[in-house]
Every structure is written in structure tokens, then in C-alpha cells.
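Going down the list, the protein sequences come from chains A and B. Under this note's numbering, the first residue of the first sequence carries the number 206, and numbering increases by one thereafter. Under this note's numbering, the first residue of the second sequence carries the number 36, and numbering increases by one thereafter. Positions of the beta carbon are idealized from the N, C-alpha and C atoms, including for glycine. Here the structure is a predicted model, which is why all the values come from computation and not from measurement.
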Amino acid sequence: MVGEEKETILWEVFIQPKNGLSHRHCGSIHAPDREMAMLSARNVYSRRGEGQSIWVVRSIDIVSSDPDEKEETFSSDDKIYRHPTFYDVPDDVGHM
Amino acid sequence: MAKEHKEKIASLEAFQEKIDRDEKIEPKDSMPETYRKTLIRQIGQHAHSEVVGMLPEGNWITRAPTLRRKLSLLAKVQDEAGHGLYLYCAAETLGKSRMEMTQELLSGKAKYSSIFNYPTPTWADIGAIGWLVDGAAIMNQIPLCRCSYGPYARAMIRICKEESFHQRQGYEIMLTLAKGTAEQKEMAQRALNRWWWPSVMMFGPNDANSPNTEKSVKWKIKRYTNDELRQKFVDAIVPQAEKIGLVVPDKDLKWDKKRNNGQGGYAYGEIDWDEFWRVVRGDGPMNNERISAKQKAWNEGSWVRAAAHAHALKKQTALQAAE
């Protein structure tokens, strides 16, 4: 049966489909080190030429915001002057 | 206590409103414990099914009739492994470890789709699996792409993109056999006979006997009921069988104008639920064999995992020494 086995490190995988686009998160994989993480990420997430560049990052190294503090973190409703529609310009100025 | 209870109800209601607005739930969002547990169970079972699903087909890789068929089958089985991994990683975001899930599969505690407890005695079974089993899986999985849980939905989108190749390769195998010699056509028909009912059973119990469906639909984990999906499957497959001259083994199968809200659909015969429950409870033709194969692979792969860890440690030590 299952003996005493170590959990392997969890890595998040990001793939860039082509130059000009950003790397995008596509999932995670388990691997004991970065080389094997890269190899598995390629095998698991790019079997059909989905990308031309891969990043793998240890999941524990990602610092994330708290979803319960979404309002405090992301509120911008009180700063409407940051949006173009806040400013009145005559219609006949055209697109601006 | 009363206050706590009220808070709990309020947060449940807030959660339901969020679901009703079609907002996705992401890993760190608060969610009811039953939502979390239902998803862990469902995604875990789904992942195990992909992994065990490699076994019946793996059985034929070395005996595929041509190099072309062998390449396709290898790629398909490799995809199933990948699908298992996408799904395990979705389940892990809910707080269950990979090792725990692996142990539950190996100990026989976790369930996986009963369809993989049937044997693949001929090459035509590989065709039938791709066509019917992957066909049924696609019916199930397409609505899951809109599941309320973000990581599950995203994994399903990826899986569905890859799955259509699987069904096409299966149907092509059946088509080729059906156009072949009388013997080959007979082999295809027999495989259809073997896989038809187990495939129809893949959608699970009738709605009346599926107590979890209502909650799952309410939480948008499921978008359709078992019977709705089963109907879609039968309606899709019957004409495909006719097209290649094979006969669906159900004497009660007939066109029924009233089905699908008057748009018409196929009426089909009664499912053998005794068989369904027997296989679910572990008494199918291949249940023991499948679990033993997984245990064997796990045990024999133990030195590989140990070596990978040792290698990682050695490199890390060397790196630290150099710094």
C-alpha cells in the first residue's frame, strides 16, 4: 500500500501563447524541483502547441489579496475623475 | 447560538445570490461547507475516472492494428492522464491534498466512473469506448464548462477542447470496421452491444433517485439533470450508429414525438439498475483488476518518486554550497 511518501511541491503554471501576449495562468502541477516542474508543465499543459514560453512558480511564493477585503482593496467608485466620462467636452470636438 | 445561526443563513443566502447572478466562485472565496465537499467529491471522482480510464485502453496500445492507430491511442491515453492532472489540481484548490486523493483511489475508498470496470476484449472495444464513452463524457462535460466553481470550469474547457479528438478517433475505428469484412463488422456490432448499456448508465441514476441533483443544479455545479443528459446522448448516438450500419441493442428504442418538449427524441428501454448498483458497489467485471493495476503502478513507481526527491535535494545542496 501507500508508504510514507513526501508530498511534492506544488507549482503554478503560466503559458504565453505567442509573442505579444502575456503569460496566462493555466493550472498547477506537482514536481520536486524546478527542472522537473518545467518538464511536467510542458507535458501536461502544452501537448498541442498551446504556447511558446512557460513560467512555473512555486504556489507558496504567490502572495494573494484577501477576497473578503475586495471592497477595501479595489474600490474606485469614489474616484470617478479617473474615468474619461467625468470630463465634459463639446461633442463636435470629435473622438478624444 | 441564535446569532451564529442567523449569520450562517445570511451567508448562505448571500452565496446563493452570487450564484444566481452567475458569478464564479474562486478558491479563496467563502463558500458553504457542503458546496466545498460536493465539489471535492465530484472533481476527485472525475479525476480518478480519467486516471483509471487509461487502463482499458492502455490494454490495446501494444496491439493496435496499425502505426496510425497506435499513435492516436497513445496520444489519447496521454490526454486522459493530463485530464486527470488538470482535475486533481482543481480539487486541490479546495484544500484536499494530492496525496490524500491518491491514497483514497488506491485503497478503493474513492469512487470512479463504473464504465471503466468493463473489459476490452477486442480492438473494436477501443472504437466503442472512444465513440460512446467519450461521447457520453462530452455530454456531461460541456455543461460543466459553465460550472460555478472557476477552477473546475476552466479545467473542463481545456478538457472539452481535447475530448472531441477522442470521440472522432473512436467513431473512425467503428466506421472502418463496419465497412470491413463481415467478421470485422460483427466485431464492431458486438462491441456496441457490450458498451451501449454501460454508456447509457454513465449519466447516473434516474432523476427521481438522484438526491444530490437538486442542490447541485441550484448551485450551478450541474446545469442539467442525469435524465436530460442521457436523452441528449441517446438522441446524438442513434443516428451515428445508423449511419455506419450498426444497430443499437435496445428493442424498445423508437422515435417519440413528445420527447424534448415536443421537438421529438428517442424513447429507450429500461436500464438494468441492479447491474448499475452492483458495479458501483464494486462487483463489476473488472473492479478488482483496475484497483490492483493502480496499486501495482504506484508501488513499482515508488523508487522513481524517491529518486526524483533525492535528485532535487542533491541539486539544491549543490546550489547552496556554490552560493
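Return no unless some Cβ of chain B is closer than 8 Å to the Cβ of residue i.
| i | result |
| --- | --- |
| residue 249(A) | yes |
| residue 210(A) | yes |
| residue 252(A) | yes |
| residue 238(A) | yes |
| residue 235(A) | yes |
| residue 207(A) | Caution is warranted here: a pLDDT of 44 is assigned to residue 207(A), below 50, making its placement in the model unreliable, and no coordinate value can be reported. |
Would you tell me roughly how many angstroms separate the C-alpha atoms of residue i and residue j, rounded to the nearest one?
| i | j | result |
| --- | --- | --- |
| residue 170(B) | residue 243(A) | 33 Å |
| residue 310(B) | residue 212(A) | 38 Å |
| residue 208(A) | residue 198(B) | Note on residue 208(A): pLDDT 49, under 50, position unreliable in the model; the coordinate value appears next. Straight-line Cα distance between these residues: approximately 34 Å. |
| residue 210(B) | residue 102(B) | 18 Å |
| residue 185(B) | residue 320(B) | 36 Å |
| residue 241(B) | residue 261(B) | 6 Å |
| residue 206(A) | residue 214(A) | The pLDDT assigned to residue 206(A) is 39, lower than 50, so where the model puts this residue is not dependable; a value taken from the coordinates is nonetheless given after this. Near 22 Å, if we compare the C-alpha coordinates of residue 214(A) and residue 206(A). |
| residue 325(B) | residue 230(A) | 34 Å |
| residue 349(B) | residue 342(B) | 10 Å |
| residue 407(B) | residue 233(B) | In the structure as shown, chain B begins at 36 and stops at 358. Residue 407(B) is therefore absent and cannot be evaluated. |
| residue 260(A) | residue 245(A) | 12 Å |
| residue 212(B) | residue 114(B) | 24 Å |
| residue 356(B) | residue 219(A) | 30 Å |
| residue 292(B) | residue 298(B) | 6 Å |
| residue 331(B) | residue 339(B) | 13 Å |
| residue 173(B) | residue 78(B) | 15 Å |
| residue 278(A) | residue 279(B) | 60 Å |
| residue 49(B) | residue 56(B) | 11 Å |
| residue 301(A) | residue 226(A) | 27 Å |
| residue 235(B) | residue 201(B) | 18 Å |
| residue 219(B) | residue 156(B) | 14 Å |
| residue 138(B) | residue 329(B) | 11 Å |
| residue 352(B) | residue 345(B) | 10 Å |
| residue 163(B) | residue 323(B) | 22 Å |
If residue i and residue j are in contact, beta carbons under 8 Å, what's the gap, nearest whole angstrom?
| i | j | result |
| --- | --- | --- |
| residue 233(A) | residue 217(A) | 5 Å |
| residue 175(B) | residue 314(B) | Contact flag wrong, Cβ pair sits at about 18 Å. |
| residue 237(B) | residue 148(B) | 6 Å |
| residue 166(B) | residue 206(B) | 5 Å |
| residue 161(B) | residue 180(B) | Incorrect: roughly 26 Å between the Cβ atoms, too far for contact. |
| residue 107(B) | residue 204(B) | 5 Å |
Under 8 Å between C-beta atoms, does residue i make it to chain A?
| i | result |
| --- | --- |
| residue 117(B) | yes |
| residue 48(B) | no |
| residue 133(B) | yes |
| residue 350(B) | yes |
| residue 182(B) | no |
| residue 195(B) | no |
Residue i touches chain A at which residues, Cβ-Cβ below 7 Å?
| i | result |
| --- | --- |
| residue 121(B) | 232 |
With distances taken from CA atoms, which of the options is nearest residue i?
| i | options | result |
| --- | --- | --- |
| residue 295(B) | 131(B), 194(B), 263(B), 272(B) | 263(B) |
| residue 154(B) | 94(B), 101(B), 305(B), 289(B) | 94(B) |
| residue 182(B) | 286(B), 74(B), 105(B), 99(B) | 74(B) |
| residue 135(B) | 178(B), 80(B), 96(B) | 80(B) |
| residue 265(A) | 114(B), 345(B), 128(B) | 128(B) |
| residue 228(B) | 216(B), 284(B), 213(B) | 284(B) |
| residue 118(B) | 273(B), 165(B), 150(B), 84(B) | 84(B) |
| residue 96(B) | 82(B), 87(B), 112(B), 86(B) | 112(B) |
| residue 63(B) | 291(A), 269(A), 249(A) | 269(A) |
| residue 144(B) | 316(B), 43(B), 249(B) | 316(B) |
| residue 282(B) | 223(B), 91(B), 132(B) | 223(B) |
| residue 270(B) | 116(B), 255(B), 288(B) | 288(B) |
| residue 61(B) | 256(A), 280(A), 272(A), 286(A) | 272(A) |
| residue 91(B) | 158(B), 132(B), 141(B), 107(B) | 158(B) |
| residue 228(A) | 296(A), 254(A), 258(A) | 258(A) |
| residue 208(B) | 146(B), 100(B), 239(B), 248(B) | 100(B) |
| residue 194(B) | 223(A), 222(A), 253(A) | 253(A) |
| residue 54(B) | 274(B), 347(B), 253(B), 268(B) | 253(B) |
Show which residues of chain B have a CB atom less than 9 Å away from the CB atom of residue i.
| i | result |
| --- | --- |
| residue 241(A) | 343, 346, 347 |
| residue 269(A) | 63 |
Starting from the beta carbon of residue i, find every residue of chain B whose beta carbon is closer than 7 Å, and list them in chain order.
| i | result |
| --- | --- |
| residue 227(A) | Simply none; closest approach about 16 Å. |
Under 9 Å Cβ-Cβ, which residues of chain A neighbour residue i?
| i | result |
| --- | --- |
| residue 65(B) | 272, 273 |
| residue 316(B) | Here the premise fails: no neighbours, minimum Cβ distance about 22 Å. |
| residue 340(B) | 210, 211, 213, 237 |
Against residue i, what residues of chain A qualify as contacts under a CB-to-CB distance less than 8 Å, listed in chain order?
| i | result |
| --- | --- |
| residue 190(B) | 232 |
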